[in-house]
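Working notes, structure below.
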């Protein structure tokens, strides 16, 4: 997995029609995006890690993965059909926007029907764009700025997170500093700030337990 | 010779309203990575036609108990794929069929469906001819000419 694949945009395309999936997949590939296609809103949520396999199907062969241990794939955009059986594109949009982890992912809705009230409802709910089918190559150029925004945002978050872990003097971060300080330094700081030492110990334990639930920005795998 | 035939034939398909802009869009998506894209999509479309038309015919056969919802959803799908492929005439007929279905106009539905059937088969034949011309060019070692409509 080289630098090139990491910097490519990864789009999750949702459509119940095989024909439309083939179309949107080719359109996205031609626009230099990595594509994953799924045929339903529930499969999309499963892919994102918002729902376990057990919840979306009663397939005995499906492996159940709990959301916390599910490998989070970095998705830069979700493009979904509006009219789908079960969960509509609008329902999926709502679920994504309600999720703390994924609400920053731009969502685009596609529909073969030009219904103004439908369009405004989707845009109000947070959809970035509404494309009328058939979607054209030119339409996809509108997506790049939305995808760039989240990619840059994520990269900035990664950088500031790393900075915080090294310099900010808050108690939580301080405990991380403790982890990397050699023992004699720790003893020195304990002498100067006796109050802090007991807090540090508590904080270390906290770090150990919260570390697992913190979003793992570093464990990103993109499927090629 | 084949190149001119190909060019002329392509232009006539557009001018006679069999194909529209969207077919041109499809061709843009074909390249070295996906060299048979148009043929694959077109083939998928014709499979859809066969399946959906047969579903609708069966529904309309249940005289007195026609499931217009089924007819409606089938024609909606067909309208979508014909639109995506650039099958202008088929799409137009789907629009009419949908209207007949929405107003539960039985005779209208039956007539329209027959026309859709005839039209898609006609288009299928023409596109087959077009692909054959393409093949002849390629086999003769030539490149498919870019046709500007």
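Protein chains in written order, with full-length UniProt numbering: chain P, 1 to 224; chain X, 1 to 149. Where is the CB? At the ideal position from N, CA and C, for every residue including glycine. In this text, all values refer to a predicted model and were calculated from it rather than measured experimentally.
DSSP places residue 42 of chain X in the helix class (H, G or I) of the three-state scheme.
Taking a C-beta cut-off of 8 Å against chain P, the contacting residues of the stretch 9-34 of chain X are 22, 25, 28, 29, 31, 33 and 34, listed in chain order. For residue 109 of chain X, the uninterrupted alpha helix (DSSP H) segment begins and ends at 106-139.
Within chain P, 19, 20, 23, 133 and 134 have C-beta atoms less than 8 Å from the C-beta of residue 84 of chain X, given in sequence order.
Approximately 20 Å separates the beta-carbon atoms of residue 23 of chain P and residue 76 of chain P; this is outside 8 Å, ruling out the contact.
For residue 147 of chain X, no chain P residue has a Cβ inside 7 Å of its Cβ, as the nearest lies near 18 Å away. From the beta-carbon of residue 30 of chain P, the residues of chain X found nearer than 7 Å are 29. Distances from the alpha-carbon of residue 43 of chain X to those of X/144, X/142, X/135 and X/127 put X/127 closest. DSSP places residue 95 of chain X inside the alpha helix (DSSP H), whose first and last residues are 88-102. As for any alpha helix (DSSP H) of minimum length 4 sitting wholly inside the UniProt domain "Response regulatory" (10-148) of chain P, the runs are 18-30, 41-48, 53-56, 89-98, 116-124 and 137-140, ordered along the chain. If only complete runs of 4 or more residues are kept, the stretch 8-84 of chain X shows the alpha helix (DSSP H) at 21-28 and 37-61, in order along the chain. For residue 138 of chain X and residue 2 of chain X, the gap between their C-alpha atoms comes out near 10 Å.
Close partners of residue 74 of chain X in chain P (Cβ separation under 8 Å) are lacking, with about 12 Å as the shortest Cβ gap. Listed along chain P, the residues sitting closer than 8 Å to residue 48 of chain X by beta-carbon distance are 19. With contacts defined by Cβ atoms closer than 7 Å, residue 97 of chain X and residue 75 of chain X form a contacting pair. When Cβ pairs closer than 8 Å are counted between the two stretches, the stretch 80-95 of chain P is seen to touch the stretch 118-127 of chain P, the count reaching three or more. Note that the C-beta distance between residue 89 of chain X and residue 18 of chain X is below 7 Å.
Within chain P, the C-beta atoms nearer than 9 Å to that of residue 45 of chain X come from 19, in chain order. For residue 140 of chain P, none of the residues of chain X pass the 7 Å Cβ criterion, the least Cβ distance being about 11 Å. Contact check for residue 86 of chain P against residue 109 of chain P fails: the beta carbons are separated by 7 Å or more. Taking CB atoms only, residue 112 of chain P has a neighbour in chain X less than 7 Å away. One alpha carbon belongs to residue 12 of chain X, the other to residue 27 of chain X, and they sit about 17 Å apart. Under the three-state reduction of DSSP, residue 4 of chain X is assigned to helix. A check of alpha carbon separations from residue 14 of chain X across X/135, X/30, X/85 and X/141 identifies X/85 as the nearest. Neighbours of residue 41 of chain X in chain P, taken as residues at a C-beta separation under 9 Å, are given in chain order as 19, 22, 23 and 26.
In terms of Cβ geometry, residue 14 of chain P and residue 33 of chain P do not form a close pair [threshold 7 Å]. Against chain P, the CB of residue 122 of chain X has no partner CB under 7 Å away; the residue lies outside that interface. Distance from the Cα of residue 35 of chain X is smallest, within the candidate group X/112, X/140 and X/131, for X/131. For residue 143 of chain P, not one C-beta of chain X is nearer than 7 Å to its own C-beta. Residue-level contact by beta carbon holds for residue 137 of chain P and chain X, with a gap shorter than 7 Å. Cβ-Cβ distances below 7 Å link residue 116 of chain X to 53, 90, 93, 94 and 97 in the same chain, with the five nearest sequence neighbours on each side left out; the list follows chain order.
Comparing alpha-carbon positions, the option among P/112, P/141 and P/100 lying closest to residue 80 of chain X turns out to be P/112. Taking C-alpha positions only, residue 38 of chain P is separated from residue 44 of chain P by approximately 6 Å. Under a criterion of Cβ atoms nearer than 7 Å, no residue of chain P is adjacent to residue 92 of chain X; the nearest Cβ is some 15 Å distant.
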